[in-house]
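There are 2 protein chains.
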Amino acid sequence: MEAILLTIGDEILIGQIVDTNSAWMAEQLNLQGIRVREIYSLSDTHAAITEGLQAALDKADLVLMTGGLGPTKDDITKKTLADFYGVELEFHEATYQRILSFFERLGRETTPAHREQCYLPANAQILTNRMGTAPGMWMERDGQVVVSMPGVPYEMKYLMENEVLPLVKTTFPGRPIGHRTVLTAGEGESRIAVRIADFEAALPERVKLAYLPSLGVVRLRLTATADSTAEVEQLLDERVAQLEALLPDLIFGYGRAKLAEVVGRELQNRGKYLATAESCTGGYVAHQITAIPGSSAYFRGSVVAYANEVKMEQLGVSEGTLVQHGAVSEATVREMVRGVLQTLGADVAIAISGIAGPGGGTADKPVGTIWLAVGDEQRVQTRQLNLGKDRLKNIQYTGNQALNMIRKFLLEG
Amino acid sequence: MEAILLTIGDEILIGQIVDTNSAWMAEQLNLQGIRVREIYSLSDTHAAITEGLQAALDKADLVLMTGGLGPTKDDITKKTLADFYGVELEFHEATYQRILSFFERLGRETTPAHREQCYLPANAQILTNRMGTAPGMWMERDGQVVVSMPGVPYEMKYLMENEVLPLVKTTFPGRPIGHRTVLTAGEGESRIAVRIADFEAALPERVKLAYLPSLGVVRLRLTATADSTAEVEQLLDERVAQLEALLPDLIFGYGRAKLAEVVGRELQNRGKYLATAESCTGGYVAHQITAIPGSSAYFRGSVVAYANEVKMEQLGVSEGTLVQHGAVSEATVREMVRGVLQTLGADVAIAISGIAGPGGGTADKPVGTIWLAVGDEQRVQTRQLNLGKDRLKNIQYTGNQALNMIRKFLLEG
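Residue numbers (the numbering used here), protein chains in the order written: chain A, 10 to 422; chain B, 10 to 422.
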């Protein structure tokens with residue numbers, strides 16, 4: 010079973026808004042075993058909508074449209090739909106009464122445009138929108154369904170969850186499909202591909218694998234189809250177990266988990282407090298950690314030591330070390346770890362010092378040279394990275410490496 | 010002149026990622042006077058890509074594709090493009106050498122998959138990707154252009170800015186069009202609209218104004234078309250001057266300037282060093298400041314004081330203040346400013362303490378209550394924000410308010 014999504018309106022085509030609706034709808038449909046075959050973003054014109062609708066129905070039996078239903082005069086979606094089905098727009102009294110009482114509750118007056126909104130294609134089954142004025146519409150012909158919904162995200166979500174998905178389920182009972190995403194850090198896409206080459210070659214036709222890499226994190230997504238949900242789950246369980254056996258050192262989580270979240274859980278499970286001492290990452294690691302709700306349960310804080318004086322005075326890095334080895338050195342990050350453990354009273358700490366770029370490199374230490382150290386009172390582990398010249402990318406990549414180092418340090422401890 | 014965008018790959022179709030590339034690309038093309046007619050998200054199959062490509066070229070002369078170019082075997086975009094043009098894939102030695110030296114710099118080995126990446130359609134003009142391994146490709150036939158780029162956002166952006174947009178400009182020269190973006194902070198979109206209502210009403214047909222609001226910063230983008238570049242420039246110069254007269258207190262820069270960059274320049278001009286003391290923003294402000302190249306010339310560092318003990322021990326906030334007023338209070342942020350000025354030896358400091366959410370609020374201090382203080386040895390200014398419940402939005406919005414407070418403090422000093 011396949012669906013096609015249409016987003017109507019120029020906001021996306023001029024780059025004014027990012028289309029977040031489609032990803033959410035696609036995920037919901039996939040969870041019901043309906044594959045989204047394609048997504049089209051179309052202009053708010055009679056011709057573009059008619060053409061897009063026809064192209065979609067040539068390929069799929071379910072078409073979900075969002076947008077183009079507001080109370081302004083440039084919304085022509087309803088008229089286009091009526092023409093497409095060769096029906097008239099009819100006044101829908103129940104919708105008008107709902108809008109009147111909706112506005113009464115808000116203590117506001119309706120405008121003539123709201124009455125216009127109640128003229129709907131005669132063949133449409135009306136889907137009640139309790140979050141706004143524009144109703145949803147469900148239209149069937151020759152076993153094919155077209156659904157039209159407003160583009161406001163919370164109105165669309167309300168209609169999907171309460172009206173559209175239940176109707177889809179009864180109208181198109183489908184073949185089971187499922188997904189699992191295995192999250193890895195520590196190796197790039199191509200080296201992972203080498204390590205799991207045999208696994209990939211042995212995948213049956215009904216199980217697909219996709220690599221989704223981003224800044225030091227590679228997500229491996231498995232998709233399976235089968236005759237029953239139980240079989241789908243079994244296919245996925247087996248493959249996830251195989252990946253776990255092949256990549257035990259790289260896997261940090263599943264689904265939508267974040268590295269900072271996993272690190273937080275490991276800290277909390279051990280009753281330990283973390284601190285960071287950051288030079289070139291400038292607070293980015295602390296920001297990643299504190300972007301997770303509840304992080305105050307395991308995060309003490311950070312010393313962002315940009316100036317060398319701050320490294321000496323707040324973190325106790327010795328002048329001799331800075332002179333002899335430089336601020337970007339293994340010796341310095343070791344002293345930074347020791348210093349921040351003490352200064353902030355933490356149990357575990359990470360320290361980072363490097364040349365984020367694009368300038369500031371030397372022959373000896375080119376841009377992208379980064380030193381990291383993770384440690385506690387007993388032991389310290391260090392690592393050197395050699396990255397490129399893009400400052401922000403270096404900071405973000407280093408941030409993920411830092412979080413992964415903390416995670417591995419905790420697991421080994 | 011019209012373009013169609015194609016995004017290739019199942020990540021979007023299964024709802025795993027939101028397509029942010031298209032909005033960014035659409036904005037860039039619109040700025041060059043090229044209208045994005047439609048956007049298609051397609052599956053990573055030979056049939057889907059071929060069909061989508063043909064449908065796009067039936068409607069527009071420029072087709073920009075992203076995605077489907079990684080080093081793993083599920084990437085079939087290149088093969089499809091070669092078949093589409095009836096050419097072979099040819100080994101591209103220069104690309105291979107670039108990948109080899111890229112990996113050499115990183116001190117890592119390439120895999121056979123990287124060699125595979127260098128087989129490219131014989132008719133393609135290769136666009137050098139300095140941000141990753143997959144090159145961009147520019148293919149022309151019968152006055153129509155197809156461009157293929159990797160889907161990783163920073164690689165795509167690099168290729169667009171450095172290769173694709175310049176080539177588009179020379180290949181499809183259009184009617185002179187120009188843009189200016191005036192950057193404001195400190196007021197919301199609707200209050201700005203009231204202040205410049207007369208200016209907007211008096212705009213001629215060939216000058217358009219767009220509001221682009223984001224987390225406390227509102228960008229005002231002027232677009233002008235005319236018969237000559239000189240005329241475009243004059244139209245824009247006049248309107249920018251009018252906005253400067255209407256919004257002198259809000260404008261902090263132009264174009265792509267960032268608040269953190271402007272703050273950095275103001276600090277550097279005065280020979281002053283900044284420090285931050287952050288509780289609920291958790292290092293985000295320090296990260297914003299240090300994301301700017303050269304920030305070590307005016308940034309000392311930060312104390313991220315998540316735990317109250319860190320506020321007391323590192324920033325000298327008194328226990329009495331914390332007990333009497335709480336960590337989220339005007340008194341606490343005042344003491345944090347004084348403390349961090351001294352601890353980190355800075356000339357100017359900002360302090361932030363609040364409840365970022367989604368939990369942790371009380372009847373007295375609901376989620377979204379944030380206190381900020383900016384100051385030097387002589388004077389301290391404070392401000393309270395009352396925001397919503399979205400943690401990350403609260404952190405980012407507060408970050409922008411903090412930077413704008415520093416900017417105004419410096420200008421008044």
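Just so it is clear, CB atoms sit at the ideal spot from N, CA and C, and this is done for glycine as well.
Under 9 angstroms (Cβ pairs) to chain B, residues found in the region 302–314 of chain A = 302, 303, 304, 305, 308, 309, 310, 311, 312, 313, 314
Cβ-based contacts, 7 angstroms cut-off: residues of the region 273–294 of chain A near chain B = 291, 292, 293
Around the C-beta of residue 55 of chain B, are 16 or more other C-beta atoms found within 10 angstroms, so that it is buried, or is it exposed?
-> For the purposes of this step, residue 55 of chain B is taken as residue 46 along the second sequence, with counting starting at 1. It is exposed - the Cβ of residue 55 of chain B has fewer than 16 other Cβ atoms within 10 Å.
Using a Cβ-Cβ distance under 7 angstroms, would residue 143 of chain B count as near chain A?
-> Counted from its first residue, the second sequence places residue 143 of chain B at position 134. Not an interface residue.
For residue 101 of chain B, does the three-state DSSP call read helix, strand or coil?
-> Taking the first residue of the second sequence as position 1, residue 101 of chain B is located at position 92. Note: residue 101 of chain B maps to coil in three-state DSSP.
Return the chain-ordered ranges of every alpha helix (DSSP H) run that is complete within the region 197–223 of chain A and spans a minimum of 4 residues.
-> 198–204, 206–210
Tell me, please, which residues DSSP counts as bridged to residue 188 of chain A.
-> Within the first sequence, numbered from 1, the residue matching residue 188 of chain A stands at position 179. For residue 188 of chain A, which the question treats as bridged, DSSP gives the partners A:232.
Would you please verify whether the beta carbon of residue 5 of chain B is less than 7 angstroms from any beta carbon of chain A?
-> Within the shown structure, residues of chain B are numbered from 10 to 422, placing residue 5 of chain B beyond reach of any answer.
Closer than 9 angstroms by beta-carbon distance: list the chain A residues that pair up with residue 48 of chain B, in chain order.
-> Reading the second sequence from its first residue, position 39 is the one you call residue 48 of chain B. Per Cβ cutoff of 9 angstroms: 16, 21, 22, 28, 48, 49, 50, 51.
Straight-line gap, residue 196 of chain B to residue 94 of chain B (C-alpha atoms, nearest Å) = Indexing the second sequence from 1 puts residue 196 of chain B at position 187. Indexing the second sequence from 1 puts residue 94 of chain B at position 85. Going by the C-alpha atoms only, they are around 53 angstroms apart.
Going by the beta-carbon positions, is the gap between residue 409 of chain B and residue 145 of chain B smaller than 7 angstroms?
-> Mapped onto the second sequence, residue 409 of chain B falls at position 400. Mapped onto the second sequence, residue 145 of chain B falls at position 136. Not in contact: residue 409 of chain B and residue 145 of chain B (Cβ atoms no closer than 7 angstroms).
Applying a beta-carbon distance threshold of less than 7 angstroms, which residues of chain B neighbour residue 318 of chain A?
-> Taking the first residue of the first sequence as position 1, residue 318 of chain A is located at position 309. Per Cβ cutoff of 7 angstroms: 354.
What residues match up with residue 291 of chain A in a beta bridge as DSSP calls it?
-> As a working mapping, residue 291 of chain A is identified with position 282 in the first sequence. In the DSSP output, where bridge partners are listed per residue, residue 291 of chain A has none listed.
Go through its chain and collect everything with a Cβ distance to residue 83 of chain A's Cβ below 8 angstroms, but skip five positions before and after it.
-> Within the first sequence, residue 83 of chain A is the residue found at index 74, counting from 1. Unreliable placement is indicated for residue 83 of chain A, whose pLDDT of 49 sits below 50; the coordinate value is still reported in the next sentence. Correct list, in chain order: 53.
Alpha-carbon spacing of residue 206 of chain A relative to residue 261 of chain A, whole angstroms | By 1-based counting over the first sequence, the position of residue 206 of chain A is 197. By 1-based counting over the first sequence, the position of residue 261 of chain A is 252. The straight-line gap from Cα to Cα measures roughly 20 angstroms.
Please list the partners that residue 377 of chain B has in chain A, where partner means a Cβ-to-Cβ separation under 9 angstroms.
-> Within the second sequence, residue 377 of chain B is the residue found at index 368, counting from 1. Neighbours of residue 377 of chain B on chain A: none; closest Cβ ~14 angstroms, over 9 angstroms.
Member of A:137, A:311, A:177, A:36 whose CA lies at the smallest distance from the CA of residue 108 of chain A | Against the first sequence, residue 108 of chain A aligns to sequence position 99. Nearest of A:137, A:311, A:177, A:36 to residue 108 of chain A, Cα basis: A:137.
Note down the Cα distance separating residue 37 of chain A from residue 246 of chain A, rounded to an integer number of angstroms.
-> For the purposes of this step, residue 37 of chain A is taken as residue 28 along the first sequence, with counting starting at 1. For the purposes of this step, residue 246 of chain A is taken as residue 237 along the first sequence, with counting starting at 1. When rounded, the distance between both Cα atoms is 21 angstroms.
Start-end ranges of the alpha helix (DSSP H) lying completely within the region 25–88 of chain B, minimum 4 residues = 30–40, 55–68
Name the chain A residues whose beta carbon is nearer than 7 angstroms to that of residue 114 of chain B?
-> Your numbering for residue 114 of chain B matches position 105 in the second sequence. Within 7 angstroms Cβ-Cβ: 395.
Among B:400, B:323, B:212, which one has its Cα closest to the Cα of residue 304 of chain A?
-> The residue labelled residue 304 of chain A in the question sits at position 295 within the first sequence. When only C-alpha atoms are compared, the closest one is B:400.
Do you know how far the Cα of residue 349 of chain B is from the Cα of residue 356 of chain B?
-> Within the second sequence, numbered from 1, the residue matching residue 356 of chain B stands at position 347. Within the second sequence, numbered from 1, the residue matching residue 349 of chain B stands at position 340. Those two C-alpha atoms are separated by around 10 angstroms.
Counting only the same chain and skipping the five closest in sequence on each side, list residues whose C-beta sits under 7 angstroms from that of residue 337 of chain B.
-> Start at 1 with the first residue of the second sequence, and residue 337 of chain B comes out as number 328. Only 362, 363, 364, 374, 378, 380 meet the Cβ criterion.
Below 8 angstroms, can you find three or more Cβ-Cβ pairs linking the region 184–199 of chain B to the region 40–54 of chain B?
-> yes
Measure from the alpha carbon of residue 123 of chain A to the alpha carbon of each residue in A:143, A:114, A:284, A:384, then state which is nearest.
-> Residue 123 of chain A sits at position 114 when you count from the first residue of the first sequence. Checking every option, the nearest Cα to that of residue 123 of chain A belongs to A:143.
Starting from residue 14 of chain B, follow the beta strand (DSSP E) in both directions and report where the run begins and ends.
-> Along the second sequence, one-based indexing puts residue 14 of chain B at 5. Start and end: 11–17.
Using a Cβ-Cβ distance under 7 angstroms, would residue 45 of chain B count as near chain A?
-> As a first step, residue 45 of chain B is located in the second sequence; it is residue number 36 there, counting from the start. Closer than 7 angstroms: yes.
What number of angstroms, rounded off, separates the C-alpha of residue 332 of chain B from the C-alpha of residue 342 of chain B?
-> One-based indexing of the second sequence puts residue 332 of chain B at position 323. One-based indexing of the second sequence puts residue 342 of chain B at position 333. For residue 332 of chain B and residue 342 of chain B, the distance between alpha carbons rounds to 14 angstroms.
Neighbour flag for residue 199 of chain A against chain B, beta carbons, 7 angstroms = If you number the first sequence from 1, residue 199 of chain A lands on position 190. Yes, contact with chain B.
Using the C-alpha atoms, what's the distance from residue 13 of chain B back to residue 76 of chain B?
-> Residue mapping note: residue 76 of chain B aligns to position 67 of the second sequence, counting from 1. Residue mapping note: residue 13 of chain B aligns to position 4 of the second sequence, counting from 1. Those two C-alpha atoms are separated by around 15 angstroms.
Determine, using beta-carbon pairs with one atom in the region 201–220 of chain B and one in the region 170–184 of chain B, whether at least three such pairs fall under 8 angstroms.
-> no
Partner residues on chain B for residue 39 of chain A, Cβ-Cβ distance less than 7 angstroms = Numbered from its first residue, the first sequence carries residue 39 of chain A at position 30. Those within 7 angstroms of residue 39 of chain A in chain B are 23, 24.
Please check if any C-beta of chain B sits within less than 7 angstroms of the C-beta of residue 400 of chain A.
-> As a working note, residue 400 of chain A is residue 391 in the first sequence. At least one chain B Cβ lies under 7 angstroms of residue 400 of chain A.
Segment limits, beta strand (DSSP E) that includes residue 146 of chain A = Here the question's residue 146 of chain A lines up with position 137 in the first sequence. Residue 146 of chain A -> beta strand (DSSP E) spans 145–150.
If we call anything under 7 angstroms between Cβ atoms a contact, is residue 308 of chain B one with residue 251 of chain B?
-> In the second sequence, the residue the question calls residue 308 of chain B occupies position 299. In the second sequence, the residue the question calls residue 251 of chain B occupies position 242. For residue 308 of chain B and residue 251 of chain B, no; Cβs fall outside 7 angstroms.
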